[in-house]
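What follows is a short report on a single structure.
2 protein chains.
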Amino acid sequence: MKILRINTRERTYKYEDMGEYAGLGGRALTSRIVRKEVPADAHALSADNKLIFAPGLLSGTMAANSGRISVGAKSPLTGSIKESNSGGMLSQKLAKLGLAAVVLEDKPEKDAPFTAIRITKDGVEFSDAPDREGKDNYEYQKVLDEAFGGKATVALIGTAGEQCLQASTIQFTDPFGNPARSAGRGGMGAVMGSKRVRCIAVDNSGAKGIEYADKDAFKAANKRWTEILKTHPVTGQGLAGFGTAILVNIINEAGALPTKNFRSGQYEHAADVSGEKMSELIEKRGGKVHEGCHPGCVMQCSQRYVDENGEYVTSGFEYETLWGFGPNGLVHDIDLIAEMDRVCDEKGIDTIEMANAVTMAMEGGLIEWGDGPAAKALLEKVGTDDPLGRIIGNGTGSTAAAFGVDRVPTVKNQALPAYDPRAVKGVGVTYATNPMGGDHTAGYAVCQNVLKVGGDVDGMKDDGNVELSKNLQVATASIDSTGMCLFVAFAVLDTPDAMQVLCDLLNARYGGNITPDDALALGVQTLKDEHSFNADAGFTKHDDQLPRWFKEALPPHNVTWDYSEEDLQAAKTF
Amino acid sequence: MKILRINTRERTYKYEDMGEYAGLGGRALTSRIVRKEVPADAHALSADNKLIFAPGLLSGTMAANSGRISVGAKSPLTGSIKESNSGGMLSQKLAKLGLAAVVLEDKPEKDAPFTAIRITKDGVEFSDAPDREGKDNYEYQKVLDEAFGGKATVALIGTAGEQCLQASTIQFTDPFGNPARSAGRGGMGAVMGSKRVRCIAVDNSGAKGIEYADKDAFKAANKRWTEILKTHPVTGQGLAGFGTAILVNIINEAGALPTKNFRSGQYEHAADVSGEKMSELIEKRGGKVHEGCHPGCVMQCSQRYVDENGEYVTSGFEYETLWGFGPNGLVHDIDLIAEMDRVCDEKGIDTIEMANAVTMAMEGGLIEWGDGPAAKALLEKVGTDDPLGRIIGNGTGSTAAAFGVDRVPTVKNQALPAYDPRAVKGVGVTYATNPMGGDHTAGYAVCQNVLKVGGDVDGMKDDGNVELSKNLQVATASIDSTGMCLFVAFAVLDTPDAMQVLCDLLNARYGGNITPDDALALGVQTLKDEHSFNADAGFTKHDDQLPRWFKEALPPHNVTWDYSEEDLQAAKTF
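Residue numbers (the numbering used here), protein chains in the order written: chain P, 1 to 574; chain R, 575 to 1148.
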């Protein structure tokens, strides 16, 4: 495997051996490169920052659900290190080209033309990106299809990324040719935009593909791996039935569904925006209830959401998006929420950050609570010349500051997702202490706190949740390095031999004899890289806490957030 | 002396004895109250923050130049503690009412009507503030004159403060009835706006005024004090001749005048915006070259700037404002810059923060370099419904973020003033290490680095400047607690008995026997209060540094910024 380094100012490139990065992939690799090569005090939009795309260690193989990609950089939103994770087609193709990472370095003058980068087995081609002419991502993907021939597999920024807005995403082509998958969080699109790279197209035609140390062993391990995923009730059936949207009713029932900017844990109209409702509509209208975000996925938690006329609206329409544009702003029109999800993909903006930004606009009196059409209109301003679009597109903190709001649901300036931390305290600990800012995926304690998968820890009580979050953060950092979808954790946590099977896959791919302990040690090392970068960037324990107003009691269970800063540091102590 | 506490939600008040705050005044008092009473993790716009107005220890007395006021709170701009200092009439009147501080606490609902507070010898009156109807500060001052009878002495926020924008000021009525003096830095106006207080009028009619422990001794000390100020070349003649604008040519000559967003230390059109030019125009047009910002000022560094028709435009038109709207954005139309200064007073926004925000708009391509009318038009949007006004009004960091700029001249998110830190390194150390963010007044090493007053330390070399800045920061914290204008430092530094005379004034006012060492110890304690608040708010040594791009060489002397974080910490070590 090689590292491909691209100088975006000179439009030059070189391949490097793995060297000190040998054995790393995915998040472990992006975070190590950022730690080693990006000065912690660099401005995230400066030439000193680097943007790294790294397939996981198992990406490109036949292993089920191994096609995720890690995108790393210093985040312009949080100022911390960032790994943002996405599905789509790019990861597997990069891996099949023998690339462990693509590193975008330096930056051109600010008015330089946008670059299109094309990576093939023969090297890298640079060109001025095809004219955008106000096209949003879906339409622009078609332009790229034409430019690169056939169906192009790309990483693409939208107009938000071109404006270097802090909530901007990098979108990835999904298996159906749409730019519907996102490295959503932390403004990775802005870093790409600052380097004046509009898109990276990857074509692995003619590449020799993945080599295995022991292909038969790999096949055998993958057979068991697939079985583990297919037989677990969540990964085998639950996610395919309703996608992540199945959580709306579950989290609402638990009293943990943040409603009206985290004022209540239950929403009277939750059923209107539930996974059950979504599936019912999709089936009635002829959409598709389940499909995968990358080839080789056996969970199929994505979907093809269609409108009343059966026309495609969006896919990858997640629980967090439904929650954010729905209950948290008192909106319960699921079709409108689907349209907002589409607008976010079109502009290249993070749905969680945007959903909270919209509630800040409601808090600040710019639009009314529950006014979905007004919320959608705000999103549509992002990436245009309207300065309001720049306020919204810079995220929740930016919108709060513009409208004088002091009830701001962020940690390290990143907006909180769809689980009230007072009622799902394990996730609250993750929000507060993980290296990325307000994020649920970094230690998804919803499993133990609510779903009772992989353990049972009361989400309403303090006891056990710091330790739980810490352990999940380690396991997650490990999984994020393999290219595996995070949802494998549901099955892994409940299946005694699963971690060994994952190691069997790694050993059969690369040779060697790593153990589950080694895999967890890699997770710990990754977190250490991340926390030490953050410390050098000026973060302290005081930044590892929720906003003060979470001390307020949350109805209906009247739970509060009471962890001291000292308590929480245990989640970062390895 | 008493502390007056006002609950802005209940519209109630109470007087308290000084208690643990006895012996403190001005900045020493505001910072101690913030340290003791405001949680470091409070949102600056929340009910947990407090806004404190504190006359200095000598304010209200007959002592020359003792009429400054300290305004303290947690800053919404920087997130740090803040003391912002202003002239005007309020300080002396509060002191004559026997008030050491007025503390605004709590906050009403966000749509509550704005309050007008009136403080007299009989207590506090609350009313809904007179309708604003789009009036800016000058016109609104007249409404308040009418409402409160005769010439009202007020602290007033503009429309920027009402929108809780982070660069908003609190304006104070000057001796000529105009709201032309500012507590400019750190967004104190936003804190007042968040508490829904539009203005505080103070009327000391019938109050018994200042009591002296030994009035004759006070008179004798003040005679010497006045003599010291009047005989020093800077405080006695220099400032009265050209105001602070005299610095334009001096700093330009030194190669330290930041030009085009700190790309050069010299500006070819500096003479067009110089103090000499200003004085020439004022004299020709029949304005006033010198006047004071408060009664009892013997320096008279302010002026009455008039237009071609002799009509008043602005006063308190400082060097930093000339620089910021002039050379740093490549504008050299002094009349236009005067108009921009006026717009800032009208809206209630900080000229230094706004000047740098305007250059961010130039960097980001929103307006052209050197386009003064476009810059002025941006300022005029602040406080209106135009969202661009909210971007600009939230300051330099906000504007940079909105337009994707990575060359951002801020420390702790507060914009840098008019001295390039590479060429005036003592000021650079102050920018980096003082508790308030990018600020020159906290340790004004221009004296020793350039003017050679009170010592001679080369501003182009590292040696001696950390120690210099530290000593100046201590002396400044001490002076800021007396209510004395900072410019007394020019004379104090050059006059052996000056510190003793200041102590004589304090002792004659309050009794006691404090020494110059005691006064400096108060300065140290004030800085410790401030730094410890900031530490609890999450600031570390990594925040005590300039942006990385100051490592670039500055023409014409090709000086760079090379202090390590460790080196700089010595300026905070007492």
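Glycine is no exception: its CB is placed at the ideal position from the N, C-alpha and C atoms. On a predicted model such as this, the values are computed, not experimentally measured, just so you know.
Excluding sequence positions up to five away, which residues of its chain have a Cβ less than 6 Å from the Cβ of residue i?
i, result
"P/K180", "For the record, residue 180 of chain P in the displayed sequence is Ala; it is not Lys. Only D174, S315, G316 and D345 meet the Cβ criterion."
"R/T833", "Y841 and P901"
"R/I580", "Y587 and L678"
"R/G767", "I731, G735, E736 and C738"
Should residue i go down as buried or exposed, given a rule of 16 or more other Cβ atoms within 10 Å for buried?
i, result
"P/F574", "exposed"
"R/G939", "exposed"
"R/K1035", "exposed"
"R/Q745", "buried"
"R/T689", "buried"
"R/Y589", "exposed"
"P/P409", "buried"
"P/P435", "buried"
"P/D406", "buried"
"R/S779", "exposed"
"R/D591", "exposed"
"P/K572", "buried"
"R/G1085", "exposed"
Under three-state DSSP, which class holds residue i?
i, result
"P/G134", "coil"
"R/L631", "coil"
"P/K82", "strand"
"P/N261", "coil"
"R/H1105", "helix"
"P/N575", "This structure cannot speak to residue 575 of chain P, because chain P is shown only from 1 to 574."
"P/G161", "helix"
"R/F1148", "coil"
"R/V765", "helix"
"P/G348", "coil"
"R/L1060", "coil"
"P/I282", "helix"
"P/Y140", "helix"
"P/D630", "Missing from the structure shown is residue 630 of chain P; chain P here goes from 1 to 574 and no further."
"R/S620", "coil"
With 8 Å set as the bound, which would you pick, yes or no: does the beta-carbon of residue i sit closer than that to a beta-carbon of chain P?
i, result
"R/D980", "yes"
"R/L962", "yes"
"R/N968", "yes"
"R/I655", "no"
"R/L619", "yes"
"R/S972", "yes"
"R/I965", "yes"
"R/Q988", "no"
"R/Q1143", "no"
"R/D1054", "no"
Would residue i count as contacting chain R if we go by Cβ distances under 8 Å?
i, result
"P/T540", "yes"
"P/L506", "no"
"P/P39", "yes"
"P/R342", "no"
"P/S194", "yes"
"P/R185", "no"
"P/R509", "no"
For residue i, which residues of its own chain have a beta-carbon under 7 Å away from its beta-carbon, when the five flanking residues on both sides are left out?
i, result
"P/P421", "V427, G428, Y431, L546, F550 and W561"
Near residue i, which residues of its chain fall below 8 Å by C-beta distance, leaving aside the five closest residues on each side in sequence?
i, result
"P/V124", "L4, I6, Y13, I117 and R118"
"R/I908", "D846, V847, K851, M852, L855, L896 and G900"
Report yes or no: is there a C-beta of chain A within less than 8 Å of the C-beta of residue i?
i, result
"R/A976", "The structure shown contains no chain A; its protein chains are P and R."
Are three or more beta carbon pairs between the region 377–390 of chain P and the region 513–521 of chain P nearer than 8 Å? no
At least three beta-carbon pairs within less than 8 Å, the region 137–151 of chain P to the region 368–380 of chain P: no
How do the region 665–679 of chain R and the region 621–639 of chain R stand: do at least 3 beta-carbon pairs fall below 8 Å, yes or no? yes
May I ask you to verify whether the region 223–240 of chain P touches the region 526–546 of chain P, counting CB pairs closer than 8 Å and requiring at least 3? no
Measuring CB atoms only, is the region 1043–1058 of chain R touching the region 640–654 of chain R, in the sense that at least three cross pairs come out at less than 8 Å? yes
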